[in-house]
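First residue of the sequence shown: 686, per the working numbering; consecutive thereafter.
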Amino acid sequence: MITPDPTLFSFHLYGQTPILVTPWTFIGLIGNTLFSARVLIQWIVSEKHKKSLAPPTFWWTSLAATIVMVLYSLQRAEFAFLLGYSINIVPYVRNLVLIYTPRRGWRILSYIISVVVFAASIVLLRHLGAPIIHSRWVYFGIVGVLVWNTRFIAQWAHAEARGESLLPLWFWLWSLVGQLLCLVYSLILHDQHHADQGRRRDCAWRVTWCLASRTERL
């Protein structure tokens, strides 16, 4: 972590390693709550229209959650998650542009924002002396995060081709594979680096939602 983060309290969920709850834990929970809220929003809208849709609220909530989690990952000096959240800024912003201003000339905006956020975060981590790669498991996490987050890059390409924001069946299958990898990494991260329980609970919720979405659409 790059700033002081005093422990408020701790508890044991499994094993001998305690889960430490700090002020930044609650910030992480806010971000994860927003991510969970976007899934509920998308689910409700899709049920109402009887097909998979992604309303503007879904993308705005995703962007807000990503900003919060970029700050959280920066505080924790978690390179893998920081990379993933930065990548996702591109499709989030681009989908909003497609919804409000469907002109291809605005595409560069999403690239610029994503690169600036990621580059600024890495520069700050290096300036503060925080380790970028602190464990061999980070490489596993990077693979999981890339699989998980590139689903939105693929969705973005699909949306560009169709000229509208959609979430097809393969998006949910891709999500399931990526989230399973992220879940494994988060469990390992907890054992070695006392990661917050909120992130692991959010991972489990997303896996459950992906399974439900797959079942409904087959």
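Ideal placement from N, C-alpha and C gives every residue a C-beta, glycine not left out.
Identified DSSP bridge partners for V706: DSSP lists F694 as the beta-bridge partner residues of V706.
Close Cβ partners of A722 (< 7 Å) along its chain, the five nearest in sequence each way excluded: For A722, the CB contacts under 7 Å within the same chain, skipping 5 residues up- and downstream, are T746 in chain order.
Cβ pair S850, A844 closer than 8 Å: Yes, the pair counts as a contact, with Cβ atoms nearer than the cut-off.
N773 beta carbon less than 8 Å from that of F825: In this structure, N773 does not lie closer than 8 Å to F825 by Cβ.
Beta-carbon gap between I726 and P740 smaller than 8 Å: Cβ distance < 8 Å, so I726 and P740 count as in contact.
Cβ pair L719, V753 closer than 8 Å: It is a contact, given that the beta carbons lie within the stated cut-off.
Given W744 as reference, the closest of L756, V778 and E732 once Cα atoms are compared: The shortest Cα separation from W744 among L756, V778 and E732 belongs to V778.
Backbone secondary structure at L738 - three-state DSSP: If DSSP states are grouped into helix, strand and coil, L738 belongs with the strands.
Straight-line gap, I704 to L693 (C-alpha atoms, nearest Å): As the crow flies, the alpha-carbon of I704 is around 11 Å from that of L693.
Best match in N780, G769, R821 and I715 for proximity to V802 [C-alpha to C-alpha]: Comparing Cα positions, the closest option is G769.
Rounded distance between the beta-carbons of L759 and S806, thought under 8 Å: About 5 Å; that satisfies the 8 Å criterion.
Per-residue burial, A880 [other beta carbons within 10 Å of its own, 16 or more giving buried]: Legend: pLDDT at A880 = 41, less than 50; position of this residue unreliable, value from coordinates given subsequently. Residue environment for A880: buried (at least 16 other C-beta atoms within 10 angstroms of its C-beta).
Residue of L748, K735, C867 and N717 minimising C-alpha distance to V782: It is L748 whose Cα lies nearest to the Cα of V782.
Reduced DSSP secondary structure (H/G/I, E/B, other) of L651: No answer is possible for residue 651: it lies beyond the span of the chain, which begins at 686 and ends at 903.
Candidates K735, V823 and T742, of which the one nearest I873 by Cα: Checking every option, the nearest Cα to that of I873 belongs to V823.
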